[in-house]
Structure formats: C-alpha cells, structure tokens
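Adding 881 to a residue's 1-based position in the sequence shown gives its number in our numbering. We treat Cβ as the ideally placed atom computed from N, Cα and C, and that holds for glycine. Structure first, commentary second.
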Amino acid sequence: MKQRLLAFAALPLMLASLSQAVAADAPAKPTITIALDQTKAKIDPKFYGLMTEEINFAYEGGLYGELLRNRTIKGEEGIAYRADNPIYWSPVGAGTVGIDWAYPLNDIQHISLAVDASKAAPGHAVGVANTGYWGVPARPNTTYTASFFAHAEGDAGPIKLAIVSDGGETLASATVTGVGPKWKRFEVTLHTGAVAPSKANHFTLTTETPAKLWLQQVSLFGPTYHNRANGLRPDLMEKLAAMKPAFIRLPGGNYLEGDTFGQRFDWKATLGPLEQRPGHRSPWNYWSTDGMGLLEMLDWCEDLKAEPVLAVFAGYALNGQHVDTAKDLEPFIQDALDEIEYVTGDASTKWGARRVADGHPAPFPLHYVEIGNEDFFDNSGSYDVRFKAFYSAIKAKYPNLQLISTAALSATPSQRPDMLDEHFYAFKGETETYARVHEYDNRSRAEPKVFVGEWASHDGWRMPTLRAALADAAYLTGLERNADLVIMNAYAPLLANLSHSGGPAKDNSVQWAPNLIGYDALRNYGTPSYHVLQMFGAGRGDAVLASEGANVPDFTAEGKTFPALYWVATKRTSDGHVQLKLVNRSGSAQPIHVVLRGAHNVADTGTLTVLAGKDPGDSNSLDQPELIAPKRQTVHGLSRDFVQTVPAYSVSLLDFAAR
Ligand code: AHR
C-alpha cells in the first residue's frame, strides 16, 4: 500500500537550534537527530551472514537430514576399532549385533554391522535398532526414505524397516526382499499416517526368517529442503532463510583445522557417493560421516541465496602442529587451489569437471577466501610464512579474490591481507560487549577491511538470554555505524542440538554455549539473539546515515556504567526507506524524540518491529519457543520531528519512508 507522505516546506534546521527546541519541550527526553542528507558509510550487501561448522551436532544430528546415528558403524573417535562395540545400534528380539571386519563393503567402509538373527521366527522378529540423534522424529502423513547396503549368509527372507515408538507402536514401515550373499544397496519409502508429531521413537531393521546379515550405511531421511537428495532439515533451513544471510563462512572454525592435520576438514574426502566418504573426527569430540561434505555446503549456500566465504586449511592444526616453510606448504596450497577450482571452475578444469560430475554443472560464486582459522593462536610465528605463501599462490591464479587473514595485521608483516577476520566473544557477559560497541569508531581506515567472523555476547548457559540479545543488538549498531570498515559479520556458533546437554562430556550434545538456534529431533526455536539478527538482517539498509544523540540515559551493571540507549539509522536507496534500530537496555519504557534533519517528506506511517521482555534474564526454549519474539505493528504520526516510545529491555526496528 502506498504510504501517505507529509510534505513540509523546505526548512533547513540547524542541529543547535533543534537541540534547544527539544530542551525547551522535554529536557530529559533522549533525542536522536538523524541527518537524512548525510551518508556516513555504504553498507556492503554481504554485511550479514552465517558462521558454521560441525559443533553442537550442528550438521550430524542437526541441519544434515540423516536421522540415524552412526550410519557408517565407525562410532566416535575410533571406538569402532574395538570390534565389539557398534555404538548406537542395539539388538531387537533374540538377536546379537557386533562389528565384522571380514567382508567389508569397500576399503573405506572397512567394517560392517553383523546381525545374528538366526533365532528369528514368525511372530518373533529379530534385528537391530537405532535411536537416532536422541530420538527419531515422526511427523504425520510424511514420507521417509530408508536405505542400506546389506549381504547375508545365503538368501535372507523379507526384511522389515520401521519407525517404531518407544512404546512399541509401528508408525511407518516397509519391506524389502532380495538380500543375498553379495553386497547390494536397497532403498524403500516409509509413510506415516495421521500420527501425532513425536521424537520418542527408534528405527528398526528386522526379519522373522532366520538369517545372518551384514549392514553398512543404514540411513533414514525425512523430507529435505528443496527436496534435495542427501539434503537438509527443512525447519532449520526455514529459520536460516528468514535471516536472509548473504554469505556462509564454511567449514569452520576449529572444524576446518582439526585437532591434528589428519583430522582437518579434508574436502576431497567429503565428495562423491556417501559410501566412499571415510568420515573424520570433529575437534568437538564426535564423528562426522562427512555426509555434509563440501558440495552439500555449497548447495546449502545456493538454497539460501548466500555466497560461500571459503576457509582453506592453511597448515596449522589445533594441537599446534604447523608447517614452517613455503616448500613444505606446497601440497596444502595445491589443495586450496584445487578447492577454489572445484567451487568456481568450469567443466574444462580438472576440479570444475569433478564438481560437474558430482551433480552441480554451474560454478558457485566466490569472492572471499579465508586462509586458516584463528591463526592468532599460532605462537610459533609461522603464520607470516604460511599466509604469504597461500596469498601469493591464490592471487596469482585468482587475482579478484579477496584474501582474509585470521590474525592481527602485525602477524603478517611480509604480506598485507586484503581483509582481517576478527573474533569477539564477550565471555564475561554484557558489560564486555557494551565496552566494545565503539571499538571500530576510531580504527584507522588505512587498515584492511574487517570481517567480524565470529562474535557473541555470553549470558545464559546453553543459549543466550534477552540480556545477551540486547548487548548483541547494541554491538550490531556499532558494526553498522562502521560499515565503511567492517564489511561483514557473523554470530557464532549458529546451531545447537539441545537434546542431551549439561550431562557428562561424553555424548553431550552441546560443546559450546551459548548458540543462536536450538533444536532437538523434532522442534526448534530462535533465541532472542536470533531474533535480533533476523530483524537486523531483514531490515538492512545500504547506507548509514549520520546521527547524534542527546540526553542519553545510563545504566549500571557489575559496577560499570554504560549508555542505556543505542541506535543506528540507515536508508535503503532503492525505495527511500529509513531503518532506525533502537536498543533500550534500561528497565523502563523510553520515549525517544527523533528529529530528521534534511528531510523534505516523511511518511506519516511506518512499521515498528519490537523484541522485548519483562526480565533480561529470560530466554526462549524448546518448551517456550516464542516467549521473547518480535512483534510488528503499524505506527502513525511520524514526521520530521516525532516521539517514539520503546519498551523496557527492547530492540526496535522502525522502518518508514523519508526523502
Ligand atoms: O565458535 C566456536 C569456536 O570459537 C570456533 O570453532 C573457533 O574458531 C573459535 O575459537
């Protein structure tokens, strides 16, 4: 609907006289004066994005659509090598399960799940069960795809695959026949009827005919986003899509590096048929099947209309193992060049052709490559040599790529980076964040552009509270105001499976807290910080407007005093809309006097989106997913000079047309 514009006579007002007028009206009221005619910085379209890695069961047991745990039978951290322990698989009926080494599916899946069902009989099913990632979801009228490789001693009888409630009710099932002495792949669909959504279920593979079976790659997928085979969980993808991320930094984080060189994200080993992927241990202490390999990550970017920010392994692992000389770096540099070719090359190139063969003919867009991760931890000083060697080789072949350093500028004296990836976690809580809101205001613009590749305010154990979200929003106003220097940012970590956290380290589903989006096998929710990111990401402008405040109140926490009001004003040039983001950290509602300098026409009506809560210690949860959620309303009475009241403990986004 076309908004009504109020026309004003062109009346150039000086800031000083405005302040006097305001002071006469209501001396204590905070005033924000926005210069509509004064652009302070352009905002990069890539300003808001996502940081991801395999942490907190973000992919396995999270975004990646596989519903069964330990598909490859390899267990966690090499547990599979103890031949008696097929973890997450248990016998059904009078059977036994174990690990078999004698007749592997291939060199990569070198073990299989041996199921002795010789005591099976009609009415006495015997087989194996898997409890998924803390439950197997069942939704009404939904199709599931089960698949597996199997062989048997002789010819086996019919095999039943089922999703079964933990109370014993079969919710969906299907039967396959033809399992014989040679390895063969089977696939079948299972359909639920009008069942209630649930996760207290498990998956079973059973027979009522005596048999000895060997299994590999036993898999169950529900529907996936955009119906991709080997795809992603739709509800989580919808949450991410709502953030409108412009980029995804992948594949980490520590997950890029691994605890050792042998446990790095070895992208070539994550390509091709699933049964050809060896998998590897994540530095976050659990096994990745690498079903979520490089191509799946790129598809993920494509589905979200985001661009990858590709982090390449740079010869440094978390245990301090590193490469010191350019000569010894050569294989790793070649690997990075191959990886960039896989992402961007056409079919005439070796690795571009491999991507085409893997099912994605079109190259992916790529503008940013990050060399390593958090190399400021490398006390050996090797990053200077490593960064220069990678930079020179990548620039020689791909001069248009922007190459990002992961250490301070002083760490790479031999080669100036195009950009710096800086990380900021407010481990000490909100006051640490408020102290950093103005961090970039005075940084020399002669320094490289900044990507704040990981940041978060810590308040709340597994997931952030409203208090953290308010600090996050304040921090973002600081980043947006400095958008000429800080051109991209991403909160971290993004995803956490909350099914089994807070218990013993082993089998704990959360390794890092807090996180942005929480879920279990069935449900999910966005934290208050998620809503802040979603509001800011969706309500982004392309230019920062100059603004200044007066009469800004304070608040005190942990004996420190900070301003209680934060804001940033931006505009979207395409349609002349202004976005005013306001953060009120105080415990009382705050009327704010807003003055638009240099405006000729201001719409009377705007859209106000408010995220607020009664107690800053509150958060959302799986049981109360919407306790703190943004509410949208239409507001009237906007003009070149208006008062907008914002609630206590709130983040607001006011969007209106102004010229
Ligand atoms: O976001 C969690 C971890 O924090 C990342 O893996 C690492 O880069 C940082 O230390």
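Check	Outcome
Secondary structure of S971, DSSP reduced to three states	strand
At least three beta-carbon pairs within less than 8 Å, the segment 1096-1109 to the segment 1022-1040	yes
Cβ pair count under 8 Å reaching 3, the segment 1456-1474 against the segment 1521-1540	yes
Reference R1114; option with closest CA among D1184, L1152, P1164 and H1161	D1184
Close beta carbons around A897, own chain, < 7 Å, minus the five adjacent residues each side	Because A897 carries a pLDDT of 34, less than 50, the predicted location of this residue cannot be relied on, and the following value inherits that uncertainty. Contacts found: none.
Cβ-Cβ separation, D1365 to K1080 (assumed contact under 8 Å), whole Å	Not really, about 47 Å apart at Cβ, beyond 8 Å.
Contacting residues, own chain, Cβ-Cβ under 6 Å from G1236 (five flanking each side not counted)	Note on residue identity: the sequence assigns Arg, not Gly, to residue 1236. Here the set comprises Y1223.
Rounded Cβ spacing between V1009 and V996 (contact assumed at less than 8 Å)	5 Å
Run of the alpha helix (DSSP H) containing P1115, from where it starts to where it stops	P1115 to A1122
Heavy atom of the ligand AHR within 6 Å of E1255 beta-carbon	yes
The segment 1120-1139 in contact with the segment 934-951 per 3-pair CB rule at 8 Å	yes
L892, buried or exposed, once every other Cβ within 10 Å from all chains shown has been counted against 16	Only weak support exists for where L892 lies, its pLDDT of 28 falling under 50; the coordinates are left without a value.
Any non-hydrogen atom of the ligand AHR within 6 Å of W970 CB	no
Separation of V1516 from P1078, as counted between CA atoms	39 Å
Beta-carbon proximity list for S971, same chain, < 6 Å, skipping 5 on both sides	A1010
DSSP three-state assignment for G943, whether helix, strand or coil	helix
For S1163, the nearest candidate out of D1171, R1343 and Q1157 (CA to CA)	D1171
Contact under 7 Å by Cβ, N1405 with G943	no
Rounded C-alpha distance that separates D906 from S1291	Note that D906 scores a pLDDT of 47, beneath 50, so its modelled location is shaky and nothing firm can be said.
Integer-rounded CB distance, given that S1531 should sit under 8 Å from L1492	6 Å
Segment limits, beta strand (DSSP E) that includes T1073	Note, T1073: premise wrong, no beta strand (DSSP E); not H, not E.
Of the listed residues S1338, V1333 and L1403, nearest to A1307 (C-alpha basis)	S1338
Distance CB(A1187)-CB(A1127) smaller than 7 Å	yes
Inter-stretch contact at 8 Å, needing at least 3 Cβ pairs: the segment 1422-1431 / the segment 1321-1334	no
Length of the line joining the Cα atoms of D1140 and A1316	33 Å
heavy atom of the ligand AHR below 6 Å from G1134 C-beta	yes
heavy atom of the ligand AHR below 6 Å from E1335 C-beta	yes
Whether V1060 touches A1037 by CB criterion (7 Å)	yes
Residue range of the unbroken alpha helix (DSSP H) whose run includes T1358	L1347 to R1362
Runs of alpha helix (DSSP H) wholly within the segment 1212-1252 (minimum 4 residues, chain order)	1231-1238
Any non-hydrogen atom of the ligand AHR closer than 6 Å to W1095 Cβ	no
Selection from T1442, W1015, I954 and G1004 that minimises the alpha carbon distance to A1402	W1015
Backbone CA spacing between T1012 and P1374 [nearest angstrom]	26 Å
S1520 versus F928 - alpha carbon distance	29 Å
When L1508, R1466 and Q1514 are compared against T1486, the one with the closest alpha-carbon	Q1514
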